[in-house]
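Engineer: Please find one structure pasted underneath; my questions will follow.
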Amino acid sequence: MVKDDARWRRRKVAARFAVGAAILEERQLMTGVEMPLAPPGSPDRYNTVGALSDVLFVGDATYGDVPVKQITIYNNSAQTMYPFLYGPNTGQSTAGGYYDPIDDHNEEYRGYIGYAQAGVNYLGLLPGQSITVNVPLVFWDSGRAAVATDPADLLPTDPNTSKNSPITNPFFFFYKNIDGTDTERFVVDAAASSGGDGIVMFYHSEDPMAAVNPGADAPEQLLEFTIRDQDFLTKLSTPSNPIDPSQLVTLINYDVSYVDHLLLPVAMQATNVPVPNTNVKRDYGWIGAKQSYLQGPNSLQAAIANFTGNTPANGLGTYFGGRGWPTFFNPNYGPTNRGVGLRIPGGANILFASPLAGIRSSYSRPFGPNNHWMLSSGGTGPIQYALGGNFRAPNRAVVTNVPGVDNILQALTPGMAVTANGAPAGRVQSVSTATNTVFLAGAPNIPDGTPETFVFSNPASDPYASKLTNLWYSWAAYYQGLFNGVAPQTLAANIASDTDNSGDDYRVLTFTQNQPSLALGMQVTGAGITALTTIVKIETVNNVQTIYLSAPIPGVSAPTQAELTFTAPQPIAFADQATIIPLRFPPARQAYAKQFAATVYEVLSVFSTAPRKVPALPGSMEVVGNSIGGNVGFLPTALPTNYVNISADVRDLVKSALRGVPDFVQYGESLWYPPPSQPTGGQTYNVFNLDPYVWFIHSRLGLSGYGFSFDDDTADVGANGTSTLSIAIGGLKGLGNQVEWAPSAQWGTVGSLATITQGTGDLAGQSIISLQDPVVYNQIRPNDKANAVVGAYVWGPGIRPGTNLTQTAIIDQNQFVLSQNAPTSAGPVFLYFTGKDQPPLTRLRSSRP
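Under our numbering, the first residue of the sequence shown carries the number 573, and numbering increases by one thereafter.
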């Protein structure tokens, strides 16, 4: 989740709150995973230091106590969950100051949830239990929480484990720092817990500049949050540690992130959020997932099992040749331990965690260290087999008869690469299990009878990464083909700056007359342009055409005129690596397909300018991975100068492409996320679906967490003025508001008595509603074009389906303008307001507290 200073606005200051614990079920005594023991000579059984202040900052005489910010976690699943907070304390304001200038920077801090029973401290949150914890300052900026489902490798087995230890340790918990000293650990009581015995173990690994997140294949679900406190951050903002004034606010920003992976259903909800312009505080609606984890046919894991299965139930049709979506490898998951859960990668990680990128599992079981691909797309067997033996000329590797050799020989297949004592020895041609002989293709230059260690390696392949790459590049090729024969055109252009970078972003073009032949993706040269520069956006307002380029024109620092040449879209970098899929559309769909192709082409074009960061991955796959991942921070226009408006233009293109439409603002939600199994474009699957994972998250599961990195308008929540946050695992039980959050209805579905009248003056011909409840008026929002937010939908007598709020009318009369006309009401009528174009599921008896 992007935590850019530009996102935050000045908020009102809220009072502090105390969150009580919810009693969910009676706790039963059971054995669990004991917290890591401190070595002999430590202050006590679990603490390696004498006080919490030895681990992290809790306050001092200069700044006073750290304000109370609390997170409450409810475990609604039938198994123990293992939540922990983590963060590296690297957050800095754009003004240069740290949000936490006191704790060490870029070192790992964590807070593990647990409980105490009979004098023993355990990790985890038991089924049906809740816990409330105070969040230390070190976690406030861009903090993260992980909820792990399996304790098997939560702690490493060796009590001397450090960052340099070559053992299975997917969560990267260390007992020792690299210098051999103990990591700092101290246990405190929770602020509250339903069992009365909740505790938190705070942890600090002091390896300098070496913070490390849990492994990409650790069985956990990621949550993100940022906390601000106006008064306290004002104290921390000094001439030597300046914090941007826009950040001196009180709020909690949060999201459930399914960008990288999906494992666990989690819902988040800010509580006691002040309603603007009132004295009322109410809980926000929830975001994330409301499903159960394992229980029942509608559980999240049941849906994931279908999606990853090789049956029609996966909903993918022939998209991947009938195969289901890949999973992360975890040796602990199996028929007798389904509580670990199937964990699946997000679309970008299909590429960046691909075997073709050389990404290997964190687990050494069952084939030894670094001997299994991280994703199932690389197969279920080991990456390589090693056997001793002798080379017999001209092409035989005769291996030693050791236990299990028959199974290994049977697993060898023609084409596997072979080395002998580390030197290339060709590839497997055939195998004779009867004689323990592997016949090699060719005749390696090895003396007859030489003792060798033969290593047989499976070549990396990935049908998933290949398919996504081929489809994206095929759309680009389709778009290029529409410009065959189009000659370059040189035009005199007026060059002006966009509004970002203090008015120093000269990429905005206008002409003495509109140029209808110009199109998205056209390459622009002249006026000193040397790097790849294309048309990234075209707007026509009041019949005036404006062209936006993908990069500022170098050397231009004031409005000017210049001759620029516009050339038809050129092949995307690395296009020769892709296998082009032919796309064909009926005449009625060709204009729509062209618009969509333009969006896809320009996304690829922009990201083709990013420098290579994953050299092992084919360049075409890295371009597609960055496109799906929305990695605008890698673009030349982000560093060293961050042109935020260019990033915003690219963001909107990516959002449109991944939602399967040419323009997500122009084409409404009913058209988003086209089903991947539906034949289109002359193929037996849906070529408009460029990432089926996004469809699975939002359409099949209906989740409001991040399905890709630019899902801010559906998943990123900023709660002004509050200091408390609730997290519910495996269902909504415990949350005070059971209605889902939406950008235009942040407290969920609300309702008020209102009158319907007809507008006059500038609003003539439009219908106006006047709400009687000022609280509800301040809980809902009209259209917000700048942030691509659709206004709240309206339901009630005389209101036509699909009607939403377009703008405010007379503010002190609590008025909104409707998108569709409605008849004047004879008196007050009760209206409901929802964030989605769906009628409310429940009737609201009263909107008042």
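Ideal placement from N, C-alpha and C gives every residue a C-beta, glycine not left out.
Tell me which same chain residues have a C-beta within less than 6 Å of the C-beta of Ile-595, skipping the five on either side of it?
Structural biologist: Interpretation of Ile-595 is limited by its pLDDT of 30, a score under 50 that renders its predicted location unreliable; no figure is taken from the coordinates.
Engineer: Quick one: give me the first and last residue of the alpha helix (DSSP H) that Gln-1052 is part of.
Structural biologist: Here the alpha helix (DSSP H) through Gln-1052 covers 1035 to 1053.
Engineer: Could you compute how far the alpha carbon of Tyr-856 sits from the alpha carbon of Gly-953?
Structural biologist: So the alpha carbons of these two residues sit roughly 47 Å apart.
Engineer: What residue range does the beta strand (DSSP E) around Arg-1079 cover?
Structural biologist: Where Arg-1079 is concerned, the enclosing beta strand (DSSP E) stretches over 1078 to 1082.
Engineer: Give me, in chain order, the residues of the same chain whose beta-carbon lies closer than 6 Å to that of Met-1193; leave out the 5 immediate sequence neighbours on both sides.
Structural biologist: Taken in chain order, the residues that qualify are Leu-923, Ala-1037 and Thr-1041.
Engineer: Could you work out which residue in Val-845, Leu-794 and Ala-782 is closest to Leu-657 when comparing CA atoms only?
Structural biologist: That would be Leu-794, whose Cα lies nearest to the Cα of Leu-657.
Engineer: With burial defined as no fewer than 16 other Cβ atoms inside 10 Å of the residue's Cβ, what is the status of Val-1359: buried or exposed?
Structural biologist: Rather than Val, the amino acid found at residue 1359 in this sequence is Asn. Asn-1359 is exposed by the Cβ-count criterion.
Engineer: Once the 5 residues before and after Lys-1109 are set aside, which same chain residues still bring their CB inside 6 Å of it?
Structural biologist: Within the same chain, Lys-1109 has close Cβ partners Tyr-1120 and Asp-1221.
Engineer: Does DSSP put Ile-1383 in a helix, a strand or coil?
Structural biologist: Reduced to three states, the DSSP call for Ile-1383 is helix.
Engineer: Under a Cβ-count criterion, where at least 16 other Cβ atoms within 10 Å of its own Cβ denotes burial, should Gln-819 be classed as buried or exposed?
Structural biologist: Flag for Gln-819 reads buried.
Engineer: Measuring CB atoms only, is the stretch 1377 to 1396 touching the stretch 1342 to 1358, in the sense that at least three cross pairs come out at less than 8 Å?
Structural biologist: Yes: the two stretches touch, three or more of their Cβ pairs being nearer than 8 Å.
Engineer: Here's a check: name, in chain order, each residue in its chain whose Cβ is nearer than 8 Å to the Cβ of Arg-1272, leaving out the five neighbours to either side.
Structural biologist: Counting only Cβ-Cβ distances below 8 Å, and skipping sequence neighbours, we find Ala-875, Phe-879 and Gly-887.
Engineer: Ordered along the chain, which non-local residues of its own chain (more than five positions away) have a Cβ less than 7 Å from that of Phe-1402?
Structural biologist: Counting only Cβ-Cβ distances below 7 Å, and skipping sequence neighbours, we find Gly-1323, Leu-1325 and Gly-1368.
Engineer: Alpha carbon to alpha carbon, how far is Val-710 from Asp-675? Give it in angstroms, no decimals.
Structural biologist: Going from the Cα of Asp-675 to the Cα of Val-710 covers about 7 Å.
Engineer: Lys-641 by DSSP, collapsed to three states: which one?
Structural biologist: Coil.
Engineer: Going by the beta-carbon positions, is the gap between Glu-1024 and Asn-979 smaller than 8 Å?
Structural biologist: Against a cut-off of 8 Å, the Cβ pair of Asn-979 and Glu-1024 comes out as no contact.
Engineer: Touching or not, the stretch 1139 to 1148 and the stretch 1093 to 1101, by the rule of three or more beta carbon pairs under 8 Å?
Structural biologist: The stretch 1139 to 1148 is in contact with the stretch 1093 to 1101.
Engineer: In the structure shown, what three-state DSSP assignment does Trp-1267 receive?
Structural biologist: Residue state, collapsed to three classes: helix.
Engineer: Rounded to a whole number of angstroms, what is the C-alpha to C-alpha distance between Ser-1029 and Tyr-957?
Structural biologist: Ser-1029 and Tyr-957: Cα-Cα distance of roughly 7 Å.
Engineer: Taking Gln-982 as the reference, give the member of Val-1000, Pro-966, Gly-700 and Gly-1277 with the closest Cα.
Structural biologist: It is Val-1000 whose Cα lies nearest to the Cα of Gln-982.
Engineer: In terms of DSSP beta bridges, what is Ala-773 paired with?
Structural biologist: For the record, residue 773 in the displayed sequence is Met; it is not Ala. Tyr-684 and Val-759.
Engineer: Suppose you measure from the CA of Val-1509 to the CA of Thr-1118; what does that come to, to the nearest Å?
Structural biologist: The chain is shown from 573 up to 1421; residue 1509 falls before or after that span and cannot be answered.
Engineer: Asp-816 to Tyr-670, Cα distance in whole Å?
Structural biologist: Approximately 10 Å, taken between the alpha carbons.
Engineer: Since Ala-1134 and Ile-1218 are thought to touch, with beta carbons under 8 Å apart, how far apart are those beta carbons, to the nearest angstrom?
Structural biologist: With a Cβ gap of about 19 Å, Ala-1134 and Ile-1218 do not count as contacting.
Engineer: Just confirm the distance between the C-beta atoms of Val-1259 and Leu-1043, as a whole number of angstroms; I'd bet it's less than 8 Å.
Structural biologist: Yes, they are in contact, since the Cβ atoms of Val-1259 and Leu-1043 sit about 6 Å apart, within 8 Å.
Engineer: Can you tell me the Cα-Cα spacing of Lys-1408 and Asn-1292, whole angstroms?
Structural biologist: If you take the alpha carbons of Lys-1408 and Asn-1292, they lie about 22 Å apart.
Engineer: Considering only residues of the same chain and omitting the five flanking positions on each side of Gly-1303, which have a CB-CB separation below 7 Å?
Structural biologist: Cβ within range, chain order: Asn-648, Lys-862 and Ser-864.
Engineer: Which residue's Cα is closest to the Cα of Asp-1070: Phe-1026, Pro-1131 and Ser-809?
Structural biologist: Measuring from the Cα of Asp-1070, the nearest candidate turns out to be Pro-1131.
Engineer: Could you give the DSSP three-state label for Phe-1260: helix, strand or coil?
Structural biologist: If DSSP states are grouped into helix, strand and coil, Phe-1260 belongs with coil.
Engineer: Could you give the DSSP three-state label for Ile-750: helix, strand or coil?
Structural biologist: Coil.
Engineer: Have a look at Gln-689 and Ala-762 and give me their C-alpha separation to the nearest angstrom.
Structural biologist: The straight-line gap from Cα to Cα measures roughly 14 Å.
Engineer: In whole angstroms, what separates the C-alpha of Ala-1163 from that of Pro-728?
Structural biologist: When rounded, the distance between both Cα atoms is 58 Å.
Engineer: Thr-740 and Gly-913: beta carbons closer than 8 Å?
Structural biologist: No.
Engineer: Leaving out the 5 sequence neighbours to the left and right, which residues in its chain are closer than 6 Å to Pro-1468 when beta-carbon positions are compared?
Structural biologist: There is simply no residue 1468 to check, as the chain begins at 573 and stops at 1421 in what is shown.
Engineer: Count the other CB atoms within 10 Å of the CB of Gly-686; is the residue buried (16 or more) or exposed (fewer)?
Structural biologist: Buried, by the Cβ-count rule.
Engineer: In this structure, how does DSSP classify Pro-884 when only helix, strand and coil are distinguished?
Structural biologist: Reduced to three states, the DSSP call for Pro-884 is helix.
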